[in-house]
Structure formats: structure tokens, C-alpha cells
Amino acid sequence: MTLERQIQAMQTDGWCVLDNIIPADRLDDISGQVIAATNRHRNPDAPANIGHVSGFLKYDQSLAPYLADQRVVDLAGALLGHHFRISFTTATINEPGNERGGWHADWPFNQRNAGHVPAPYPDAVMHLTTIWMLSSFTGENGGTLIVPESHRASNNPTGGNGVPPEEPYPTELNVTGEAGSVLVMDSRLWHSTAANTSQDPRVAVVVRYAPWWLNLNVLMPGSEDRRILVDETGGTENLVPALPKDVFDGLPGALKPLVSHWVE
Ligand SMILES: O=C(O)CCC(=O)C(=O)O
């Protein structure tokens, strides 16, 4: 797919898949490292059979050489403008037997988060969610469920828009793709975790990209914005641990400008 076609798909459909971003001969090693680090640091409050680690780059850097791949950078730059940066890195392993999740749009459009853009939100690209496939995604193993074109709506099922979050949606589909591909979604796109009915884990890392002007402070442990928006209200919000300086120093040069705002 050419960059022009990718941009068109993002505008019209709200998603596309970039193939062959991670070299095939690195997949087994990276997948193994992601599984091992997720086992060491997994969030005990995540849904059953979901291996979830927020701020994953802090714990494992095996994807670091690819997160500023030119094809990803070109598409993100075309959609988010200059000086975009990485907002989240989250290991997400759907283990056999996990349950289907609820329809949502991602931060900052998820209306249940303390920090959110209130619906009705404007029709503008403000955040990208990318899912890096370390296993091939299939209908059987929990390829992400999406509702194509839902990114143009000004609300989503977390905001009481009349769509039951737990029910199948008529136009839903499972995203499929070969291991090494990257699913790119406008973060407004309605999506959900799919059940993994296979025998093997579906291994992925979710990486989100934000324009320079989007305030990410509410995600930072101990920040003043977090104190005001989350601690004082008792609301719920994602927490993205900062990168230790020594981890940052060891990252590839092309990646550093994308994460330098999140160093301890
Ligand atoms: O793992 C998936 O396929 C979906 C994950 C998801 O819904 C999310 O990270 O917001």
C-alpha cells in the first residue's frame, strides 16, 4: 500500500495494516522476550487471561529498533503533523480462553477515563493506536475487533451513545494480518478485545502516537495534572511509568526524540 492509499484508508475507514514492519527473522526472538517480560511484570488487575503491561518499553526494548520505522513515521507524520511522539507502549497478550471485551475508543476519547476529550468531540485526528503483531492475527486467536468507519462518530460506546458495549455490532470485523505487521487505527475507532479460541497466545504490543500538542501529563505518575484530574476526583485513568534514564540512553537514535518527554 502506498502512503497515499494508507492516508486515504485512515481517513475513510479509520484503520489500515502495514505489512512486514518487523523482520521475519526477528519475530521469534522478540515474541519470546515480550512474553517473558510480560510474565515478570503483568498487571494483576487486567482481565483474566490478558497479559497486560503498561509502560512496556521500560521493561523490554526488543521492539525499539522498529518503533520509528520510516513507514510508520511517514504515516504518523502525515496524520499528526510534525514532532509527534509516543504516548503509550503496552504489552497485550491475549491468552487462550480470554473473553471478548467491550467496545471502546482509546484514550483520550474513552469517556470513562478521568482525562478525556468530552463527547461530542471534533472530527479530527488527535491520537493513533498501533498494534504490533508478534503473532499472526486471525479470527480464531483474537485479531482485534473493529467497527470500520466508526472513527467519524463524535461519541463511542463508553459515552452512552446507545450502542451496548458488550454486544456484537453488525459491521464488526476481526483484523487479520501476518506476524510482523502493524495495525494502525485512529484512536477514535470503536474496537475491542476478541476472544482467543486457539491453543496459542496472541502476542502484541500496543503503541500509541500523539501530536506534540496533546497533553499527556495525566498519564504520568505523580504529575500535577494527575493529582487534579485523577487523585482528587477518584476517577480511573491509565498510568504510564516513565523511562529510566539509562534505558533511554540505550535506545536507538531515531526513537529517542519520540520518547524523550517521558524520561524519569
Ligand atoms: O488486544 C487487542 O486486540 C485490543 C486491545 C485494546 O482494545 C486496547 O488496547 O485498547
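Numbered according to the numbering used here, the sequence shown terminates at residue 276, and the numbering increases by one at each position without gaps. Built from N, CA and C at the ideal position, the CB exists for glycine as well. Every value quoted in this text rests on a predicted model; they were computed, and no experiment measured them.
Residue span of the beta strand (DSSP E) that contains residue i, given as start and end
i	result
Val29	27 to 30
Leu91	Here Leu91 belongs to no beta strand (DSSP E); instead the alpha helix (DSSP H) covers 82 to 92.
Arg220	214 to 222
Residue i vs residue j beta-carbon contact at 9 Å
i	j	result
Thr150	Ser204	no
Glu178	Trp115	yes
Ser162	Arg200	yes
Ala59	Asn125	The identity of residue 59 in the sequence shown is Pro, whereas the question assumes Ala. Against a cut-off of 9 Å, the Cβ pair of Asn125 and Pro59 comes out as no contact.
Val29	Val187	yes
Ile47	Gly67	no
Ala80	Ala266	yes
Trp202	Asn250	no
Ala103	Ala49	yes
Arg54	Ala207	no
Gly127	Val219	no
Val194	Val84	yes
Gln18	Val196	yes
Pro108	Asp212	yes
Gly189	Asp31	yes
Leu92	Ala222	yes
Residue i: first and last residue of the uninterrupted alpha helix (DSSP H) it sits in
i	result
Ile19	15 to 24
Phe100	No alpha helix (DSSP H) holds Phe100; the beta strand (DSSP E) holding it covers 97 to 106.
Val259	257 to 261
Val271	268 to 271
Rounded distance between the beta-carbons of residue j and residue i, thought under 8 Å
i	j	result
Gly192	Ala36	6 Å
Val217	Trp144	5 Å
Pro253	Pro233	6 Å
Leu146	Ile240	Actually they are not in contact, since the Cβ atoms of Leu146 and Ile240 sit about 37 Å apart, beyond 8 Å.
Gly154	Asn106	4 Å
Ala117	Thr170	7 Å
For this session: Go through the segment 38 to 79 residue by residue and report every complete run of the alpha helix (DSSP H) that reaches 4 residues or more, in order.
Result: 39 to 53
Exercise. Which full runs of the beta strand (DSSP E) of 3+ residues lie inside the segment 135 to 200, going along the chain?
Worked result: 140 to 145, 194 to 198
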